[in-house]
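In the numbering used here, the protein residues as written are 1 to 434.
If you want it as C-alpha cells, here you go:
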C-alpha cells in the first residue's frame, strides 16, 4: 500500500518543522519527506492533513495487557487495538501475568499474539526472577534472544539486593535494561493511598515517599557499582525525581519514566472523589508538590519517557469499596490527550517538541538496538507514524473504547490534542480506512 500524508507539520523525533511537508509511505518504509507528487493508481491513499502534526509512532514502555491468564480484563488483541486508538504504534507488555513471562517460550507467546493482532506492535518484557518470586533469576539470556525488550518484576520490586546486583551484572552485555518498580515493601506493604493528606483524612494506611526513594537510591548505587543501566518506572515523587536527576548529573546510566495519571492528578483527586476506587493506583497519587516536581523533571530532561501504566480491570473488580479494590487505571485511549491538555493548562512549561520526544525518541532509546530505528521520521526508516490534531476536543467515553476496561477516572473529561491516525509498518491501524 502507498500512503501519502500531505501538508503536515513534521516532528522528526527532535524538532518540529513549521513549514508543512508531505510524507510518502511505501512498502512499510518512509520513502520521501518533502514536496511529494501524489502517485495515481491502485493502493494510493492520500490524506490532506491541513497542518496537523505528523510524529514518529508513539511508544508506551509500560502497559498491562493481562495476557496470558487474565483475559477477562484485557488481552493482547484488545490491548493492541486500544493502544492504536490512543496513538501508540508500539507498546511494551508487562510480564506480571498468570503465568508470569519468565521464560523464552512465554516471550515468544507474547510476540506471536502481538504479530497476529491488528493494532499496535506489542513487545514483551520478561521477568527478572523466576515466577516473579524474587528468589532466583529467570532465564534472562534466553528471553533476550526470544525478543524481550526489558526485564522487570513490575508490580513488585526485586526486593533482594544481592539478586538485583546479580541481574544487573548478568544483563550488562545483553543489551536489555532492567526496569525497576521502585518500592520498599517494608515501608509500603498494605498501603492504600499516599502517606500524608489522603491517609490522615481516611485512616487508610499510607505509602510514604521514602518507600520509593530508598529503592531508587539502592538501584542507583548498584548501577554505579555494576556499570549496568537501570530504568526506574512510574516515578511519582519529588525526592524520586531529585535522586534520578543527581544520578544523571554524575554520569550514571539511570533513566526514568512517569505516568500520565501522576502528571494530571494528585492525592486531592482521591479525597475529593470520596475515595473512589477508580483513583486507586500504585504508586499512589501523591501531593501537588510531587506532581509539580514531575513536570519539572519533564522540562529539564530528567524524565526519559511518559507511560500510561495502563492497568485494565473488569468493572466488578473496581466497583467495590476503596480498600478492597485492585490498584490501577485504564488509560491507553486518552493518555496523550490528557497529558497535553494538562501541559496546555499549565501554560506550556516546556516546548511541544519536548512533550512529543517523551513518546517517541525518548522511549525508543531505551529499547534494544533491534528497535533503534523507532522514534524518528526519516527517509528509509520504518513507517510508524502518529498524526496528532491539536485543534480537536473530545470528551472521554469509555463505552466506545477498544479496551475491555470501561471503568476509568478519565470518563467524562474533555481533552484536546487527540491522535487521529496511527500507522504501523505502513499499515493504518487507527484512523481513516483502518
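Positions of the beta carbon are idealized from the N, C-alpha and C atoms, including for glycine. Given the structure is predicted, the values throughout are model-derived calculations rather than measurements.
With H, G and I counted as helix, E and B as strand and the rest as coil, what does DSSP make of residue i?
i: residue 96; result: coil
i: residue 405; result: coil
i: residue 70; result: coil
i: residue 241; result: helix
i: residue 398; result: helix
i: residue 124; result: strand
i: residue 366; result: coil
i: residue 8; result: strand
i: residue 221; result: helix
i: residue 116; result: coil
i: residue 64; result: coil
i: residue 377; result: coil
i: residue 282; result: coil
i: residue 17; result: coil
i: residue 393; result: strand
i: residue 250; result: coil
i: residue 322; result: helix
i: residue 201; result: helix
i: residue 226; result: helix
Under 6 Å Cβ to Cβ from residue i, same chain only, skipping five residues before and after it: list those, please.
i: residue 288; result: 266
i: residue 95; result: 101, 125, 126, 127
i: residue 209; result: 237, 239
i: residue 413; result: 396
i: residue 143; result: 104, 107, 126
i: residue 219; result: 180, 230
i: residue 47; result: 5
i: residue 66; result: 73, 74
i: residue 282; result: 327
Between which two residues does the alpha helix (DSSP H) containing residue i stretch?
i: residue 296; result: 288-300
i: residue 166; result: 161-171
i: residue 176; result: It is not in any alpha helix (DSSP H) - residue 176 carries neither H nor E in the DSSP assignment.
i: residue 142; result: 140-146
i: residue 79; result: 76-85
Suppose you measure from the CA of residue i to the CA of residue j; what does that come to, to the nearest Å?
i: residue 250; j: residue 27; result: 44 Å
i: residue 21; j: residue 88; result: 22 Å
i: residue 16; j: residue 233; result: 27 Å
i: residue 423; j: residue 280; result: 33 Å
i: residue 334; j: residue 98; result: 27 Å
i: residue 431; j: residue 63; result: 22 Å
i: residue 427; j: residue 33; result: 18 Å
i: residue 391; j: residue 415; result: 10 Å
i: residue 157; j: residue 182; result: 6 Å
i: residue 368; j: residue 31; result: 25 Å
i: residue 78; j: residue 109; result: 16 Å
i: residue 382; j: residue 57; result: 10 Å
i: residue 211; j: residue 184; result: 5 Å
i: residue 171; j: residue 379; result: 33 Å
i: residue 341; j: residue 257; result: 19 Å
i: residue 25; j: residue 306; result: 27 Å
i: residue 148; j: residue 324; result: 33 Å
i: residue 194; j: residue 134; result: 25 Å
i: residue 186; j: residue 161; result: 14 Å
i: residue 49; j: residue 420; result: 10 Å
Since residue i is in the beta strand (DSSP E), which residue starts that stretch and which ends it?
i: residue 231; result: 230-232
i: residue 419; result: 414-424
i: residue 21; result: 21-26
i: residue 48; result: 44-48
Using a Cβ-Cβ cut-off of 7 Å (strictly less than) and excluding sequence neighbours within five positions of residue i, which residues of its own chain qualify?
i: residue 238; result: 289, 290, 293
i: residue 213; result: 237, 239, 240, 243
i: residue 326; result: 313, 317
i: residue 320; result: 277
Give a single yes or no on whether residue i has its beta carbon closer than 7 Å to a heavy atom of the ligand MG.
i: residue 170; result: The ligand MG is not among the ligands present in this structure, which contains no ligands whatsoever.
Note down, in chain order, each residue of its chain lying with its Cβ closer than 8 Å to the Cβ of residue i, except the 5 sequence neighbours on either side.
i: residue 42; result: At residue 42, the pLDDT of 44 sits below 50, so the modelled position is not reliable and the matter cannot be decided from this model.
i: residue 174; result: 140, 141, 144
i: residue 409; result: 261, 265, 269, 273, 276, 278, 279, 329
i: residue 114; result: 76, 80, 93, 121, 122, 123, 124
Q: Could you tell me whether the stretch 6-19 touches the stretch 43-56, where touching means 3 or more Cβ pairs closer than 8 Å?
A: yes
**Q.** the stretch 164-181 touching the stretch 197-212, judged by at least three CB pairs closer than 8 Å
**A.** no
Q: Flag this pair as touching only if the stretch 262-282 and the stretch 210-224 have three or more C-beta atom pairs under 8 Å; answer yes or no.
A: no
Q. Taking three-plus beta-carbon pairs below 8 Å as touching, is the stretch 114-124 in contact with the stretch 341-353?
A. no
(Q) Check whether the stretch 301-315 and the stretch 64-76 are in contact - that is, three or more C-beta pairs closer than 8 Å. (A) yes
Q) Touch check for the stretch 367-376 and the stretch 398-409: three-plus C-beta pairs under 8 Å? A) no
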